[in-house]
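Residue numbers (our numbering): 6 to 90.
As structure tokens, the structure follows; a few thoughts come after it.
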Amino acid sequence: MDNVKKGSAMQVPFVTTVSFADRDGMTVHLQYGVAAPSERAARSELERRLINQEIYNYSISEIRPATSREAESLNLPEGAIILLN
């Protein structure tokens, strides 16, 4: 029998790159680690948190699954987002 609860999804670490202009008009690129069940869920959670911080003029230029080495070093708990740089 499978021990996974119905409706639960395994959290996967994603590395995302977000770009936005700072006050001086310079483009800033930030990377975040996001634990989510899918790329779509990672994007939605990151967007929700950016909007909560009143950051509106941003672009998510990359969302990709973390490599095994990145995943090991990130060690993200379920639902976590951390700034990587």
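We put the CB at the ideal spot given by N, CA and C, even for glycine.
Coil, strand or helix - residue i by DSSP
{"i": "E75", "result": "helix"}
{"i": "R69", "result": "strand"}
{"i": "S49", "result": "helix"}
{"i": "L81", "result": "coil"}
{"i": "L35", "result": "strand"}
{"i": "V9", "result": "Here V9 scores only 45 on pLDDT, less than 50, and its place in the model should not be relied on; the value that follows carries that caveat. Coil, per DSSP."}
{"i": "L89", "result": "coil"}
Presumed contact (8 Å Cβ cut-off) between residue i and residue j, rounded CB distance
{"i": "I86", "j": "E50", "result": "7 Å"}
{"i": "L88", "j": "Y37", "result": "6 Å"}
{"i": "I65", "j": "V39", "result": "The Cβ separation is near 10 Å, so there is no contact."}
{"i": "Q58", "j": "P42", "result": "With a Cβ gap of about 23 Å, Q58 and P42 do not count as contacting."}
Same chain, Cβ closer than 7 Å to residue i, five either side skipped, listed in chain order
{"i": "R69", "result": "F19, V20"}
{"i": "I60", "result": "F25"}
Cβ-based neighbour list, residue i, same chain, cut-off 8 Å, excluding 5 preceding and 5 following
{"i": "A26", "result": "T32, V33, N62"}
{"i": "E75", "result": "P18, V20, G38"}
{"i": "R54", "result": "I86"}
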